[in-house]
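For reference, each letter of the sequence shown is one residue, going -18 to -1, 1 to 1139 in mature numbering (1 follows the signal peptide of the UniProt record, and there is no 0). Quick reminder that beta carbons are idealized off the backbone N, C-alpha and C, glycines included. In this text the structure is predicted, and so the values were computed from the model without any measurement.
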Amino acid sequence: MLVLSLLSLVLAAPVTLAVPSSSSARASSAQILGCRVPASTLQVPSNQTQLVAPTTPPTFVALGVGVQNYTCSNTSTYTNVGAVADLFDISCLHSTSLFPFIQDIVYGAWSQVPSSVTAAELIDFVRTLGTSSVLGQHYFVPNPTGSGLSPKFDFTSNPEFRGNPEAYIIAARGGDIPSPTSKENIDWLELNNIQGKLAQQVFRVETKAGQPSNASCTPGSPLISVKYTAKYPEFIEELKFRRPVVSPHYIHIFFKSIVLYRPNFQEMARFTAYASDTSEEEEEYQEPAKPPPHSIPSKPIIVETDQDDEAEMSDASSSRMAEDELTSHPPRRKPRDKRALVEEEDGEFYDAHELEEVEDGSEESSSSSSETSPRNERRAKSESIPWPQQVGVDSNRMHVMQASLFRMPEEEEALKAASMEKFGRVTLTKTKTINRKHSRDSEGDGLRSGAQERASFAHDIEPIPYRPSRKYARVDSLASAVTGNEGAMVDAGLALGRSFRVGWGPSATLIHLGTMCAPSSNPKTTANSSILTKALVPFAVSDTDAASISSNLLQHHLSTSPILTDSDGIPFASPATNLNFASFASVFPPSDRSFEALLFRLGHALFDDIDLHLQSTISIDVRNRIYAVRRKTALSSWLEEAVAPAVEEELKSNLSAGSVATAFSRLTGHQVEKACEAAMDGRNVKLATLISQAGGDYEFQEDLRSQLQIWREERIDAHIDEDIRKVYALLAGIVDVLEGSSGTGIEQCPHVSLAQGLDWKRVFGLHLWFAQPMDAPIADVFDAYEQHWRNAPERAAPPVPWYSEKHEPVESIWRLPTDANPPDALYSLIRLYADPACSLSHICSPLSFGPSPIDYSIPWHLYILLSRCMRVRDFADRDGPRGNSDSELSDEEEETIEGHSPSADLLASSYALQLEQMDLIQQAVFVLLHIEGSTGREKAIKDLLARSAPKLDDWMTRGIAGSLKIPLSWINEAKAIYALDNGNVYEAYQLYLQAGLYNAAHELAVLELAPEAVVRDDLELLQALFGRIAGHSVDGWHVRGKAFLDYVNIRTRMPELRTHVLDPETVPDASQADELEELTKSIPKLIHILPNVLRDRSNPRHNVALSDMISELTRELDSVQPLALGQVKSMPVEEATKLRHIHYAVYARFLKSIQVT
């Protein structure tokens, strides 16, 4: 396992890519690249012409570490079938003497890894280390432009390319020469781009190993994998990325570890790669509670380096080191953690706790055990074979590599100072749980992405979406820079910045900063703008016919769908089970040949129930056979009607066609009777006799095939009219190509394509009426047509939508991608019937129904019919079954229904948005009633009503509340929001009350209406405002709204009570005296809470109303008991009020003092 660690660390050098596309760009790239690579880096032999080195320098040089895969061919020789490798950046080593031999060093370590460790496991393990030197992966995929396999260099898993699906290259071989150094090495290659934007050229040079050890093999033997390393200089032209540069001293530390260590494996574990973009300072590593199977052992691998280690690495006395010094005994080190790896005398690395157990024993046991210990056994074996030979490196080369591994003395101090802090201790641990101190998740501190595993190297790893590294924290309103600047309309972005949210306005309007754009577009303006833009997104085209069709279909749907309420009291639409395609087809006139009419008629032919009129004694097999024939007959009748206009148009455009050509055109529409008439008009009685037997039995078709074969063999077909041959072929069941004789001159007869120039429905009809037997099921006909157009798209029309078949393009506001090739919805409906595994998710693409990519009208109706009514097919994302708990369903009606489907709700929401933009508000509400979740259904309808509040007149309100059973409170709430937006506060208050939203009404009354009433001293209005709210559950009622009622009560009752209680000529009533006392005590409390009730100090009305209320309350208190109120200096009242209160208080104290004396 340690070999894998060191093998990965030896390559731990970061990379920075850029494109030297011109001289200026090449000059500036020196500031971007961490390690520039000169053009001389790529050296190819001069005595060949297969490999041509470019004049520009490579962008980087990668070292591939992996395996070459071979299989045994029938000729008993090995054939290469691809490779799997990880690519490491070695660009920063190009200027060192180590660079020419790096592939040999790494291969020496890679070859020591047990054969049980695959290249995929090596790649997965390196990914767990998170090293930034891993550029990407190299494997083979099917050739995108031809046959066979092609090499792919995939950088999409690189952190710098996440979110860029073009960060790869699929290449084709441009040149190939044998390795100049050894026959055991794989060839040197020049590869040129055929797909992807990562690079234009990739070379494979300076290869090491990779060839099979045996030249011959046994056919049928298992696939073999041969380890190899190679350099891959790559030339990037389009993609760029930038990464930081790590000191080369970091690389040399781990190169020394590779050379010092002689690998010894006892076990290998499988690893799983975890992807994370968490920075170093944000990660916390925790050991898992229970390591899963095939995971890294619980004790981590720790490679420690300190100042003493660095001194050893670069001895100031000499930069050279003899080969035997590589295994010399190192000086005694400082105490380390028991889990640390310690180098012993034999050059091996051991856990510290293992050494302590040996050293704690007695001297006798130590001396005796030292001779038989496993470490000494390994040392004896290793000392018998020189280290360079063990790793497969020549001894002379080893001396050169040693000189490059250890810096000169004058470089030691500078490198040590630069890397002391960062590389003083390097710890490699494998953990299962990674927590973040500052997560960018909305809740919790978990990672944003889970584990990513490559199922096979033929499939790409989905790139993790890019997320910015900057942390954004929620700012409280009081701490926001916007507070106090809301009126700064000079900067609209600052003034309204906190009010924006993701949401649609009425009729699909948006107010936004900057420019609306797609993820792939490059807008010229940014969101840092002070210009607000109001845009209307055209979700629906203003087409009167389309609006009329939608309205008619929805009206028919509503007439058969009762509106019920669920267990939460939310209304929902329950489509009737007897709703079928025939009922929708009846909405269209019989003469209507529109696409929508054809679609519903096709659904009637395929899915509606068929009354077979059979007795109950008929067996199930006979019943099924008759059912299949009836269903196929219905499909044939529909298809004849669907292709009839195309046949007539073809005949009108070719009036000069002969009788036989006319008969053939009639046969493509299965107009057999008219085809016979056309043949008779041409006095071709024999041909008319044959046409009358169209769709005959197998013997009839075989006779016609034999006739065609005789014509071809005797080369008579060259003298027979081509239209006659086509009719014969069609009647014989040939619908693709009729072969002609291979003669020359006048006896040469060309092949004839029967389906050439026909639309897809007529080609499908040829298979239905002529090619397949009469009793063949519809699924066989569908499969035959699909194979026909997929195998020969140039001869058979593919099932393109109706708007793509027209010679003149249909006017559309949408710019569709060139690769958007959706199938026709009619074809998809036939596929849904023929293929039981097909779900609604495969056929509900809007582009299959019309030129608009967001027109969901017909797909929604199909979903309702096929899923909710007929229970034929459903979306693939629907949950498991659940019990129906709708409150209005009786026991007999209760049945088990499917769980929730997000696709169904999304389809309903999309269609409702279209209807909203067409001003069909009531119809949009009806569609939203089909949303399956109660909470989502309520919110969607309320949002729609709020956006459409200006259009909710009395007629529409009656329709929504009456026909659709929408609660009137929802409608009033929407009107209240609209009234409040227009500044009609009192109207909004009344509508909130009518909607039963007493909290909202209370808020408006306290903050908006009550201050105005106080200023006007309108006590009756105050009483009316809060009297209607009293008695209902309202948040903060006792400290807010009730304060105004108490104020009104004090103002109205205290003058009356004073008259009766304080009048010396009358006898005071005890109850009145108690009431006066209670009111007097309540005044100081009320004055204390009023500043919190009218708390907006920036609102002049609040300030004036607060001052008036305290002044009036103080006046009432001064007339009864002025000493009950404390200090008034801090009260927000006028100075006259304060002076009056002081006067009354002083006078009261004076009278009190007189009474005491």
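If you look at Gly46, you'll find it in the beta strand (DSSP E) that goes 42 to 54. DSSP, read as helix, strand or coil, puts Asn62 in strand.
Under the three-state reduction of DSSP, Glu696 is assigned to coil, being neither helix nor strand.
Looking only at Ser1089, Pro932, Leu588, the smallest Cα-Cα distance to Asp901 is reached by Pro932. Val997 and Ser1093 have their C-alpha atoms spaced approximately 12 Å apart. Each residue's CA atom was taken as its position, placing Met498 and Phe81 some 50 Å apart. Between Ser132 and Ile152, the C-beta gap is smaller than 8 Å, which places the two residues in contact. Assignment of beta-bridge partners to Val116 by DSSP yields Phe70.
Thr547 carries a strand assignment under DSSP once its states are collapsed to helix, strand and coil. Of the candidates Pro799, Asp762, Asp935, Thr491, the residue whose Cα lies closest to the Cα of Lys516 is Thr491. With 16 or more other CB atoms across the displayed protein chains lying within 10 angstroms of its CB, Met1091 is buried. When Leu934, Gln896, Leu822, Ser834 are compared, the shortest CA-CA separation from Pro884 is found for Leu822.
Per DSSP, Asn981 lies in no beta strand (DSSP E) segment; the continuous alpha helix (DSSP H) that holds it begins and ends at 980 to 986. With a 10 Å radius around the Cβ and a threshold of 16 neighbouring Cβ atoms, Val1075 comes out buried.
Between the alpha carbons of Val734 and Ala714 lies a gap of roughly 14 Å. Between the alpha carbons of Ser647 and Leu750 lies a distance of about 16 Å.
In the structure shown, Val184 adopts extended strand secondary structure according to DSSP, grouped into three states. Distance from Phe137 to Gly118 at the Cβ level is roughly 4 Å; contact confirmed, criterion being Cβ atoms closer than 8 Å. Membership of Ala558 in any beta strand (DSSP E) is not indicated, and neither H nor E is assigned to it by DSSP.
Residue pairing for Val1021: DSSP places it in no beta bridge.
Ser543 places its beta carbon less than 8 Å from that of Pro557.
Counting every other CB atom within 10 Å of its CB across the protein chains shown gives Lys921 a total below 16, marking it as exposed. Burial check for Tyr1129: the Cβ neighbour count within 10 Å stays below 16, so the residue is exposed. Contact check between the region 636 to 644 and the region 604 to 622: fewer than three CB pairs, one atom from each, fall below 8 Å, which does not count as touching.
In the three-state reduction of the DSSP assignment, Thr515 falls in the strand class, which pools E and B. According to the DSSP assignment, Gly157 belongs to the beta strand (DSSP E) that extends over 150 to 159. Look at the beta carbons and you see the region 912 to 926 touching the region 952 to 964: at least three pairs across the two are nearer than 8 Å.
Looking at Phe582, Gly202, Asn196, Asn773, the one whose alpha-carbon comes closest to that of Asn56 is Gly202. Contact between the region 197 to 216 and the region 78 to 97 is present: 3 or more CB-CB pairs across the two stretches fall below 8 Å.
Asn1085 sits in a helix when the DSSP states are folded into three classes. Burial state of Ser573 is exposed, judged by a 10 Å Cβ sphere holding fewer than 16 other Cβ atoms. Nearest neighbour of Ser839 by Cα position, chosen from Asn140, Leu895, Cys820, turns out to be Leu895.
Between the region 652 to 670 and the region 695 to 705 there are fewer than three inter-stretch CB-CB distances shorter than 8 Å, so the stretches are not counted as touching.
In summary, Asp861 is exposed, with fewer than 16 beta-carbon neighbours lying within 10 Å of its beta-carbon over all protein chains present. Here Lys668 is exposed. Its C-beta has fewer than 16 other C-beta atoms within 10 Å. For Gly192, the three-state secondary structure derived from DSSP is strand.
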